[in-house]
Amino acid sequence: MNTFVTETVSILTNAAMLFVVAAGLTLVFGALRLINMAHGSLFMVGALTVASLASGLTGGWGFAVALIAAVGLCAALGAGIEISILRRLHDREPLAQLLATFALVLVAADLAQRVWGTSDRTVATPVAGRFSVGGAVVPEYDLIVIGIAAAVALGLWLLLARTATGWRVRAAVEDPETLSVGGTNLALLRTSVFALGAGLAGLAGAAIAPLESVGPGLDTQIIVAAFIVTVVGGLGSVVGAALGAVVIATVEGLGTLWVPSYASSAGYLVMILVLAVRPWGLFGTPDR
Amino acid sequence: MTVLEEKIPPATARPAPRPAARLLPLLAGAAALALLAAAPYLVTVSAILSLEQVAAFAVFAVAANLLIGQAGLVSFGQGVFFGLGAYTVTLGWEHAGLSFWEGFALAPVLGAAAAALIGLVALRARTLYFALITLAFSQLFYQLVEQNTGFTGGANGVFAPVVPAWMESPVEGYLTLLGIAVAALLALWWLYRSDFGLLLRASRENRARVQALGTNVYRLHLLAFTVSGAFCSLAGAMFVVYNQGSNAELFDWTTSGQAVLMSVIGGMYTFAGPVVGAFVYQFGHDWLVRYVSDWQLVLGGVLLLVVILRPDGLAGALRRPGRLRLSGRLELPSRLRGRK
Amino acid sequence: MARFNAQRWTGLAAALLMCGSAAACANAAAGTGGSGGAGGGSGSGGTVTIGESTTLSGAIASLGQTGLQGVQLAAADINAKGGLLGKQIKVVSADDAATPATGVSNVRTMLDADHAVAIFGPVASSVASAEEQITNAQQIPIFLHTSNDIGLTTTTYSKYVFQDVPNTVMEPRAAADYLATQLHGKSVTIATFAPNYSFGQDTVAGFIQALKAENVHYTLVKQEFPPLGATDISSYLAAIESAQPDYVFNAQFGGDLVAFTKQAESYGLFAKTKVIAMYDYSVLQSLGSAAPTGAIGFDRAPYWTDDNSTMSAFVDEFRAKYGDAPSEWAILGYAAVQQWAWGVEHAKSFSGDAVSAALSGASPATILGSPQIRACDHQTELPEYVGTVSAQAASSSDPTHLWDTPAFEAQFDQIDYSCAQMTALQK
């Protein structure tokens, strides 16, 4: 019973973090048909921003302020990247866009090292308490992470399914001409979606910061995990990202219990298996 | 090889170049080769060392580009075969008592076998999904090699005096690798220019039409994946001469990514592009790492400029249609080009 | 460290725009731009070059960066006293990005183009074993002051290799010895936690083996191997937490250990369980007030347990120059250069053979005292330190929680393999 509760909460927390990272990635793909490799770099910038602000701002509210600042900074960086670089590559093949964002990973790694140095930083947990369920320990901060993920999921669902903007975002890929004729500023739409995706990367980095050592290398640590979740769920699908996050977290969680030595390979195996059966992911659409 | 004999009439497939145009790439190639063979006596040792790596990476990049540029299959998994080739040599020496050259001969065979099996699964996915499933294979192999310390040496790799002593000196090592690289590149050049290469380019431009003409594109791509895997594995075995051993990072997706970078920097629609890319990338990287502390910043910046300003890569810049075909885009017969 | 400058940028632009031969020339020009090395050390005046290729970017950059600081400071101190055999020491450095091929390329260039007479060690053991192939072949001494895999002084050992840190056998044995002294025959439950690659696997295996050797009554309740550099380890931690062990032996280091500590704290693991891990200065400094009071740390060279005046003078000098106290990586890098310099002075030569012969079996004075360099495997006979993380900050100006003093000092001959064992492994 103990193990069951502890594992369930840890799987949910893990899934929540994976979802928040993957949500931005899949959102950007959905509207721009672009895989943003620099997503991990924005994640790192979010975490580092919180780490440098948090020492000055103490307590739960201080953390909230730092979190908002991190999201804002990353969204602004995202808008800048889209306007200055990606917009020029919009009509090019996907590989060119992929490599441009990879170039940004390299640039960002050195710039971050310039600004924040190489030492690992820590962020005080804003809610350090824990409580007990059926004899198992549940950290309170885990609930906050799960809450953030739920809010992101709900927000994105409302935005995409219930607003005219959401409709335009979806149409931006399928029928850009009609959209353009209908008076939509496509360039602005793309920039906004990319900025939102970047902001979500920053949010994920900020949310994970209190549980992590924050320093160089965070960017590459997260990006492959985010790819796996996004691809398993299906590129461009927010629902898919959520399901992918739960699948990967569950497989890893059970792996740690049953085959600890191979748990770290489990994610890749799942991805290969899913794509072998459904080559476009669980919720993706076949790409021609 | 039935795939190759499908219904593309070979006679009209390529516009016949003028005789002078045919000689030019030959002359250019011969001049470059003479320069490369003389290089050890002209440049510093550190440049020879970079050249040793270039020899292995040129084969790796051209082999990977058979998929990337020719077939339009962007693979982030060629590192699997590169690593496999290197480990065939070192583990063959350590566990089976194979000599360097025995392991070297075995590498492409194992590479082809592994590629055929992986391709069977990976090629079910298309475009970006293909890129990411091959990336997953790269990471899976990397993890497995790093964890199975008993057999593979784990993260410490296998570094042992497996390379024959006479090849340890940079000059001899480089000249040997240069010879192997030239032979491998000639074989690849023949493949690029064969009907098989033509079909691959056709499938990149219009998969549906090639399929409609009676070619099973899945099988065509599987064959390309297998051939590419064999040559990537050969390149990995070559790399052991430089590296003096093998290490788990060779399987990592960043190794696969290097082949993609080299192809794009040099020009992925040409044969010589990846070779140029291997030169520029390796010299640029080695030089930056040694003399510039923010080397990633500069590398990223240059890459960004190439991607934005030179869509056809550096070799694409030299291109004069119908003339320097070694670097010019390998064109398709118009009836196959179709519309996207 | 070479900084970015305009001249080199022009060279690079040329290299990237022109074909390979142009690149080779630019490279050759850059290569010869360095100072002339001193091959045999004949004559005085001029400079002599040593090379430090290490990890300066990515997740383990902090280990490499502070190690490099130690090496540079040692060279500067020797230069201030008139240099070595009349020559000023020049340190060339390069980033290996924790990749063996890059390390090999850096070291070969340092030897061939910069004429370096000694190489100082990388962070990753894989890079170190790749570099040993080069230095062994070229008969150049290599001083390993961070990477410590036992294979480096066994399977790839040659007389040009010097191991300046306690190796992977010694560290877990020291922790097990300390545990044995604490338990007095009581039986306990133990879990292990280690990054899933050779270092982690070997360290855990060594710890268990040492527990057996010490006749500790233990039950192994859980073993977890998260990937190196995993961002989220909560499922691995949950598995440990639900096993409720008395002790957790953790073989993580650096940023991974910091993340473990933060997440384990949120589970309240430290209240019920004693964690044994590499709580060294850099990790404790990162954790600050979040340091796990009462946890057991081990460290290769904690400056605060050594109260000799040489060490305290060094700490003051380091603080003045870099603003922080020295990490173990900086201390060990500094001591490695001191060892090499001692060897050069006694051999009266920079040649690898002469320096190797002078150092083998000798006891050069360093900031860590004068430990002997064992003749059979060139392992410096250093102790490993084990201590309890203090409840108090170091001082009002430094919020780092160090260890309670005195720390437990596991003596070298208690924890390392004997020469007979090492010689057997070297075959």
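First to last, the protein sequences are chains A, B and C.
Residue numbering for the first sequence follows our numbering, starting at 134 and increasing by one per position.
Residue numbering for the second sequence follows our numbering, starting at 5 and increasing by one per position.
Residue numbering for the third sequence follows our numbering, starting at 724 and increasing by one per position.
Cβ coordinates follow ideal geometry from the N, Cα and C atoms, glycine included.
Contacts around residue i, its chain only, beta-carbon distance under 8 angstroms, and the 5 residues preceding and following it disregarded
i          : result
Asp969(C)  : Val911, Thr912, Ile913, Thr996, Lys997
Gly1070(C) : The amino acid at residue 1070(C) is misidentified as Gly; the sequence shows Ala. So the list reads Ala1077, Val1078, Ala1080, Ala1081, once near-sequence residues are dropped.
Trp193(B)  : Phe275
Leu992(C)  : Leu960, Ile963, Glu964, Val971, Val998
Gln856(C)  : Val827, Thr879
Gly177(B)  : Glu56, Val167, Met171, Val245, Tyr246
Ala286(A)  : Phe152, Ala156, Val371, Ala375
Residue i - partner residues in DSSP beta bridges
i          : result
Asn973(C)  : Phe916(C)
Gly1110(C) : Gly1020(C)
Thr254(A)  : One detail in the question is off: residue 254(A) reads as Arg in this sequence, not Thr. Val347(A), per the DSSP bridge assignment.
Gly249(B)  : Phe163(B)
Under 9 angstroms between C-beta atoms of residue i and residue j
i          : j          : result
Gly233(B)  : Phe108(B)  : no
Ala304(A)  : Thr296(A)  : no
Gly157(B)  : Gln151(B)  : no
Gly417(A)  : Gly373(A)  : yes
Gly330(A)  : Gly211(A)  : yes
Leu222(A)  : Val326(A)  : no
Gly1110(C) : Ala1085(C) : no
Val78(B)   : Leu132(B)  : yes
Phe80(B)   : Ala824(C)  : no
Residue i CB to nearest heavy atom of the ligand SAM below 8 angstroms
i         : result
Pro343(A) : Summarising the ligand content, the structure contains no ligands, and the ligand SAM is consequently not present.
Rounded separation between residue i and residue j - CA only
i          : j          : result
Phe137(A)  : Ala962(C)  : 10 angstroms
Phe1135(C) : Val892(C)  : 11 angstroms
Tyr880(C)  : Ala187(A)  : 48 angstroms
Phe255(B)  : Val231(B)  : 18 angstroms
Leu200(A)  : Ala1013(C) : 20 angstroms
Leu284(B)  : Ala68(B)   : Residue identity check: residue 284(B) is Val in the sequence provided, not Leu. The straight-line gap from Cα to Cα measures roughly 17 angstroms.
Leu276(A)  : Gly262(A)  : 11 angstroms
Asp308(A)  : Leu206(A)  : 32 angstroms
Ile1054(C) : Asn871(C)  : 15 angstroms
Met833(C)  : Glu172(B)  : 17 angstroms
Ala119(B)  : Tyr196(B)  : 19 angstroms
Phe82(B)   : Ser852(C)  : Looking at the sequence provided, one finds Gln at residue 82(B) rather than Phe. Roughly 25 angstroms between the two C-alpha positions.
Ala847(C)  : Ile355(A)  : 21 angstroms
Leu124(B)  : Glu253(B)  : 25 angstroms
Asp835(C)  : Val827(C)  : 12 angstroms
Leu322(A)  : Thr234(A)  : 19 angstroms
Met1034(C) : Ala245(A)  : 33 angstroms
Ala257(A)  : Ala339(A)  : 12 angstroms
Val380(A)  : Glu947(C)  : 21 angstroms
Gln248(B)  : Leu181(B)  : 13 angstroms
Gly762(C)  : Ser50(B)   : Because Gly762(C) carries a pLDDT of 44, less than 50, the predicted location of this residue cannot be relied on, and the following value inherits that uncertainty. Their Cα atoms are separated by approximately 17 angstroms.
Ala1133(C) : Cys1142(C) : 18 angstroms
Ala42(B)   : Ser260(B)  : 30 angstroms
Trp290(A)  : Val260(A)  : 28 angstroms
Met177(A)  : Ser394(A)  : 28 angstroms
Pro1122(C) : Gly1011(C) : 6 angstroms
Spatial neighbours of residue i in its chain, beta-carbon cut-off 7 angstroms, leaving aside the 5 residues before and after
i          : result
Ala378(A)  : Ala148, Leu151, Phe152, Ala155, Val362
Thr1089(C) : Ala1058, Gln1061, Gln1062
Leu960(C)  : Gln986, Ala987, Tyr990
Ala396(A)  : Glu385, Gly388, Thr389
Ile801(C)  : Leu807, Ile812, Ala1064
Gly952(C)  : Ala782, Asp979
Sequence-distant residues of the same chain with beta carbon closer than 6 angstroms to residue i, five excluded per side
i          : result
Val384(A)  : Ala399, Val403
Thr755(C)  : Because Thr755(C) sits at a pLDDT of 36, beneath the cut-off of 50, its placement in the model cannot be relied upon, and the following sentence gives the value as read from the coordinates. So no residue of the chain qualifies.
Asn135(A)  : Gly268, Ala269
Met1145(C) : Cys1099, Asp1100
Near-chain C residues of the segment 46-78 of chain B - C-beta to any C-beta below 9 angstroms
So the list reads Leu46, Val47, Thr48, Val49, Ser50, Ala51, Ile52, Leu53, Ser54, Leu55, Gln57, Val58, given in the order they occur along the chain.
Could you please tell me which residues of the segment 910-932 of chain C, in chain order, have their CB closer than 8 angstroms to any CB of chain A?
Within the segment 910-932 of chain C, the residues whose Cβ lies closer than 8 angstroms to any Cβ of chain A are, in chain order, Asn919.
Residues of the segment 780-791 of chain C with Cβ closer than 8 angstroms to any Cβ of chain B, in chain order
Contact residues of the segment 780-791 of chain C toward chain B are Ser780 (C-beta to C-beta distance below 8 angstroms).
Proximal residues, the segment 130-144 of chain B versus chain A, C-beta separation under 8 angstroms
Cβ contacts with chain A: Arg130, Thr131, Leu132, Tyr133, Ala135, Leu136, Ile137, Leu139, Ala140, Phe141, Gln143, Leu144.
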